[in-house]
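Trainee: I'd like to ask you about the structure that follows.
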Amino acid sequence: ERYKLIRKAGFDCVMLWWSDQFGRGGGYQEDVRLARSAGLYVENIHAPVHEQNNLSLDNLSGEGLFQSYLQC
């Protein structure tokens, strides 16, 4: 419903946040589909930043973060 209201207000694109942090809760993975079904272009997706320093690590922490970024 939110994305339909955004489209109705005259917007043609959105930026999405890819995380359940900051009280957002689950279901954020559906936002791309919901936005597109409302006729909106997804301009970009902001990746989670809570462990960004792990991205350069050559271990399971770095690999796990890399894999989560690939899901964006």
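Note that our numbering has the sequence shown beginning at 943, numbered continuously upward. Cβ atoms here follow ideal geometry from the backbone N, Cα and C, with glycine treated the same way. All of these numbers come straight from a predicted model, not from anything done at the bench.
(1) Between the alpha carbons of Arg944 and Ser998, how many angstroms are there, rounded?
(2) Take Ser979 as the anchor and find which of Glu1005, Ile987, Leu1007 and Cys955 has the nearest alpha-carbon.
(3) Please indicate yes or no: does the CB of Gly965 lie closer than 7 Å to some heavy atom of the ligand HEM?
(4) In the DSSP output, which residue or residues are listed as bridge partners for Asn986?
(5) Taking Gln963 as the reference, which of Pro990, Gly952 and Gly1004 has the closest Cα?
Mentor: Taking the definition as stated:
(1) Rounded to whole angstroms, the separation of the alpha carbons of Ser998 and Arg944 is 36 Å.
(2) Selected option, being the one with the closest Cα: Cys955.
(3) For the ligand HEM, the structure offers nothing, since it holds no ligand at all.
(4) Within the DSSP secondary-structure output, Asn986 pairs in a beta bridge with Met957.
(5) Of the candidates Pro990, Gly952 and Gly1004, the one whose C-alpha sits nearest the C-alpha of Gln963 is Pro990.
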